[in-house]
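K.L.:
Sequential numbering of the sequence shown, starting at 25, is according to the numbering used here.
Using N, Cα and C, we set each Cβ at its ideal position, and we do this for glycine too.
Fair warning: this is a prediction, and the values are worked out from it, not measured in the lab.
Once you've had a glance at the structure underneath, I'll fire off some questions.
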Amino acid sequence: MDLDPEKEQKRQELRAQADELLLLLGSGPHIEEAKQAIYREIDECVSDGGSDSSLTVQVGDKPSIGINRGEATHLLNMKMFSEFNDRIPLICDMFSKLELQPKPIFIGTALLMPKTKFQEILDLARDPSGGPAAVEALFKDVEGFVSHYFAQSLADRDLDSDRPDRRYRVQEGECQKRDGYKCVVTDSAAPDAFHIIPWSWNSTEDEIRATRRVLGALSTLYGQPVFETLERELCEPGYTHSSDRAWNMVCLTPTLATWVGHGYCGFEPINFREENDHYVVGLVFRWINLMGLKLSGNLKDDLQKYADELAKWESGEQKPVPSDGVAYFHARTGARIRSGRYHEIKFQHEIDAYKFYIAMAIQWNCVKLQSLCGSPECDGHTEDDDSSSENSG
Numbered sequence: 025m026d027l028d029p030e031k032e033q034k035r036q037e038l039r040a041q042a043d044e045l046l047l048l049l050g051s052g053p054h055i056e057e058a059k060q061a062i063y064r065e066i067d068e069c070v071s072d073g074g075s076d077s078s079l080t081v082q083v084g085d086k087p088s089i090g091i092n093r094g095e096a097t098h099l100l101n102m103k104m105f106s107e108f109n110d111r112i113p114l115i116c117d118m119f120s121k122l123e124l125q126p127k128p129i130f131i132g133t134a135l136l137m138p139k140t141k142f143q144e145i146l147d148l149a150r151d152p153s154g155g156p157a158a159v160e161a162l163f164k165d166v167e168g169f170v171s172h173y174f175a176q177s178l179a180d181r182d183l184d185s186d187r188p189d190r191r192y193r194v195q196e197g198e199c200q201k202r203d204g205y206k207c208v209v210t211d212s213a214a215p216d217a218f219h220i221i222p223w224s225w226n227s228t229e230d231e232i233r234a235t236r237r238v239l240g241a242l243s244t245l246y247g248q249p250v251f252e253t254l255e256r257e258l259c260e261p262g263y264t265h266s267s268d269r270a271w272n273m274v275c276l277t278p279t280l281a282t283w284v285g286h287g288y289c290g291f292e293p294i295n296f297r298e299e300n301d302h303y304v305v306g307l308v309f310r311w312i313n314l315m316g317l318k319l320s321g322n323l324k325d326d327l328q329k330y331a332d333e334l335a336k337w338e339s340g341e342q343k344p345v346p347s348d349g350v351a352y353f354h355a356r357t358g359a360r361i362r363s364g365r366y367h368e369i370k371f372q373h374e375i376d377a378y379k380f381y382i383a384m385a386i387q388w389n390c391v392k393l394q395s396l397c398g399s400p401e402c403d404g405h406t407e408d409d410d411s412s413s414e415n416s417g
């Protein structure tokens, strides 16, 4: 292609940007196909005098990560809370109407709500006839839900190795087979089958009742239809062990499984699609910033300071926690595991893929809410010989 020097420079800059985006998505035939398609789109865009903002590429008839450049750009930006700055004045207005003392997790709830739900809650807080009390109850419901998630997740990790029930071993085997008997992040052998939603949420009738008491928070974060689906799947009376299934598991090394349980890292579900004769859920692995939102009494300044610090961290290396001397490497390629790495989990049945996607969405929002509260670093980690191989490279 013969271009004048200015357009040729622009072409090379756009190709470099595309290469940087695609590096985050791993490798494989679909990545190479996306690369060539993006290059063709860049050439047409530059020759027509267009800008990079008009550059959108899709290969095939279904949107997928690594194909659609808009989604790839989302990975590169790695924003934990996409509307943080826009919502700061509205959140300040909301809490000025409430008698409830602001907490980081309440702030996070306001940040994670869909736009329509956020506006509904904001209007409710402004209604003096019972509105503020309803909003306060909603925030406390979410706080209880997140606490329930992490407390049970960590407790389950301590009990997993002692579980004798055959059902669990069969489902664990199905998960291991689906994920190729390897950690989906590091490609290391002999991984654990990590429960995304704690299996103990419905292991007994008492646990089902306890889960039902906190599950209402899901309607705030996801809407009523998702809430009703999860209510049936997670805490239907008489239906114990309903989440002790392969659709609620993912293969991780023992250390990563523990760290996800603590909220040190997590998976952001990106897409759910049909592909040939199976269904695919796309996930992005992310290390989590755990500096926490510190509230001094000036809510607007505190939120802006946190937003600025978070943006600085997101634009940097995003080291894992704990970071002292610890690094994760891919077992096959030797590449350092960084935030933004894309992974695909394949399912034979659509319903299993859908439930896996929703389970990951619950995990991801709980991890984000926990990140605002801050968390102590691991006191070192003691794993077996497999763990040492995970962190060497």
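How do the stretch 266-284 and the stretch 213-221 stand: do at least 3 beta-carbon pairs fall below 8 Å, yes or no?
P.N.:
Short answer: they touch.
K.L.:
Using 10 angstroms around the beta-carbon of residue 205, count the other beta-carbons present and answer buried if the total reaches 16, otherwise exposed.
P.N.:
Within the sequence shown, numbered from 1, the residue matching residue 205 stands at position 181. By the 10 Å Cβ count, residue 205 comes out exposed.
K.L.:
Using a Cβ-Cβ cut-off of 6 Å (strictly less than) and excluding sequence neighbours within five positions of residue 405, which residues of its own chain qualify?
P.N.:
If you number the sequence shown from 1, residue 405 lands on position 381. The pLDDT assigned to residue 405 is 31, lower than 50, so where the model puts this residue is not dependable; a value taken from the coordinates is nonetheless given after this. Here the set comprises 279.
K.L.:
Would a C-beta distance cut-off of 7 Å place residue 128 and residue 314 closer than the cut-off?
P.N.:
The residue you call residue 128 lines up with position 104 of the sequence shown. The residue you call residue 314 lines up with position 290 of the sequence shown. No, Cβ-Cβ distance for residue 128 and residue 314 is not below 7 Å.
K.L.:
In chain order, which continuous runs of the beta strand (DSSP E) of length 3 or greater are located wholly inside the stretch 289-375?
P.N.:
289-299, 302-311 and 365-371
K.L.:
For residue 300, count neighbouring C-beta atoms within 10 Å of its own C-beta (all shown protein chains included) and say buried if the count is 16 or more, exposed if not.
P.N.:
Taking the first residue of the sequence shown as position 1, residue 300 is located at position 276. So residue 300 counts as exposed.
K.L.:
Counting C-beta neighbours from all protein chains within 10 Å, is the total for residue 398 16 or more, i.e. buried, or is it exposed?
P.N.:
In the sequence shown, residue 398 corresponds to position 374, counting from 1. So residue 398 counts as exposed.
K.L.:
Where in the stretch 201-258 do unbroken runs of the beta strand (DSSP E), each at least 3 residues long, occur, reported from the N-terminal end onward?
P.N.:
216-219
K.L.:
Just how far apart, CA to CA, sit residue 91 and residue 59?
P.N.:
The count along the sequence shown starts at 1 and reaches residue 91 at position 67. The count along the sequence shown starts at 1 and reaches residue 59 at position 35. A caution first: residue 91 carries a pLDDT of 30, below 50, which makes its placement in the model unreliable, though a value can still be read off. The straight-line gap from Cα to Cα measures roughly 8 Å.
K.L.:
Quick check: the Cα distance between residue 134 and residue 292, rounded to an integer number of angstroms?
P.N.:
Residue mapping note: residue 134 aligns to position 110 of the sequence shown, counting from 1. Residue mapping note: residue 292 aligns to position 268 of the sequence shown, counting from 1. Each residue's alpha carbon lies about 19 Å from the other.
K.L.:
Ignoring anything shorter than 4 residues or poking outside the stretch 116-180, list the alpha helix (DSSP H) runs there in chain order.
P.N.:
You should have 128-136 and 139-150.
K.L.:
What residue range does the alpha helix (DSSP H) around residue 27 cover?
P.N.:
Within the sequence shown, the letter at position 3 stands for residue 27. No alpha helix (DSSP H) holds residue 27; DSSP gives it neither H nor E.
K.L.:
Below 7 Å between beta carbons: does that hold for residue 122 and residue 156?
P.N.:
Within the sequence shown, the letter at position 98 stands for residue 122. Within the sequence shown, the letter at position 132 stands for residue 156. Going by C-beta atoms, residue 122 is nearer than 7 Å to residue 156.
K.L.:
Which class does residue 104 belong to by DSSP, given the choice of helix, strand or coil?
P.N.:
For this step, residue 104 is matched to residue 80 along the sequence shown. In this structure, residue 104 counts as coil in the three-state DSSP scheme.
K.L.:
I need the boundaries of the alpha helix (DSSP H) containing residue 262, first residue and last residue.
P.N.:
Position 238 of the sequence shown, counted from the start, is the residue given in the question as residue 262. Counting along the chain, residue 262 falls outside any alpha helix (DSSP H), and DSSP gives it neither H nor E.
K.L.:
Kindly indicate which residue of 169, 371 and 36 has the alpha-carbon position closest to the one of residue 298.
P.N.:
Within the sequence shown, the letter at position 274 stands for residue 298. Ranking 169, 371 and 36 by Cα distance to residue 298 puts 371 first.
K.L.:
CA-CA distance, residue 325 and residue 171?
P.N.:
For the purposes of this step, residue 325 is identified with residue 301 of the sequence shown, where counting begins at 1. For the purposes of this step, residue 171 is identified with residue 147 of the sequence shown, where counting begins at 1. Roughly 27 Å separates the two Cα atoms.
K.L.:
To the nearest angstrom, how far is it from the Cα of residue 126 to the Cα of residue 167?
P.N.:
Counting from 1 along the sequence shown, the entry for residue 126 is found at position 102. Counting from 1 along the sequence shown, the entry for residue 167 is found at position 143. Roughly 12 Å separates the two Cα atoms.
K.L.:
Assuming residue 266 contacts residue 258 under a Cβ cut-off of 8 Å, what Cβ separation, rounded to an integer in Å, is found between them?
P.N.:
For this step, residue 266 is matched to residue 242 along the sequence shown. For this step, residue 258 is matched to residue 234 along the sequence shown. With 8 Å as the limit, residue 266 and residue 258 qualify as a contact, their Cβ atoms being about 6 Å apart.
K.L.:
So residue 224 and residue 355 are in contact, right, with Cβ under 8 Å, and what is the actual spacing, rounded?
P.N.:
Locating residue 224 in the sequence shown gives position 200, where the first residue counts as 1. Locating residue 355 in the sequence shown gives position 331, where the first residue counts as 1. Not a contact, Cβ separation roughly 31 Å.
K.L.:
For residue 117, tell me which candidate among 138, 149 and 141 has the shortest Cα-Cα distance.
P.N.:
Here the question's residue 117 lines up with position 93 in the sequence shown. Comparing Cα-Cα distances from residue 117 to each of 138, 149 and 141, the minimum goes to 149.
K.L.:
Determine the direct distance from the alpha carbon of residue 393 to that of residue 320, and round the result to whole angstroms.
P.N.:
Numbered from its first residue, the sequence shown carries residue 320 at position 296. Numbered from its first residue, the sequence shown carries residue 393 at position 369. Going from the Cα of residue 320 to the Cα of residue 393 covers about 19 Å.
K.L.:
Would you verify that the beta carbon of residue 158 is, or is not, closer than 7 Å to some beta carbon of chain B?
P.N.:
Absent here is chain B; the protein component of the structure consists of one chain.
K.L.:
Compute the Euclidean distance between the alpha carbons of residue 17 and residue 27, then round it to the nearest angstrom.
P.N.:
Residue 17 falls outside the range modelled here, since the chain spans only 25 to 417, and no answer is possible.
K.L.:
Here's a check: name, in chain order, each residue in its chain whose Cβ is nearer than 7 Å to the Cβ of residue 39, leaving out the five neighbours to either side.
P.N.:
The residue labelled residue 39 in the question sits at position 15 within the sequence shown. The answer, listed in chain order, is 63 and 66.
K.L.:
Skipping 5 residues on each side, what residues in its chain have a beta carbon closer than 6 Å to that of residue 34?
P.N.:
Locating residue 34 in the sequence shown gives position 10, where the first residue counts as 1. So the list reads 70, once near-sequence residues are dropped.
K.L.:
With residue 207 and residue 275 assumed to form a contact (beta carbons below 8 Å), what rounded beta-carbon distance in angstroms separates them?
P.N.:
Here residue 207 is taken as the residue at index 183 of the sequence shown, counted from 1. Here residue 275 is taken as the residue at index 251 of the sequence shown, counted from 1. Correct: roughly 6 Å between the Cβ atoms.
K.L.:
For residue 173, which residues of its own chain have a beta-carbon under 6 Å away from its beta-carbon, when the five flanking residues on both sides are left out?
P.N.:
Locating residue 173 in the sequence shown gives position 149, counting from the first residue. Closer than 6 Å at Cβ, skipping near neighbours: 390.
K.L.:
Taking the beta carbon of residue 215 as the centre, do at least 16 other beta carbons fall within 10 Å, making it buried, or is it exposed?
P.N.:
Mapped onto the sequence shown, residue 215 falls at position 191. Burial call: buried.
K.L.:
Just the Cα atoms here: how many angstroms apart are residue 210 and residue 361?
P.N.:
For the purposes of this step, residue 210 is taken as the residue at position 186 of the sequence shown. For the purposes of this step, residue 361 is taken as the residue at position 337 of the sequence shown. For residue 210 and residue 361, the distance between alpha carbons rounds to 7 Å.
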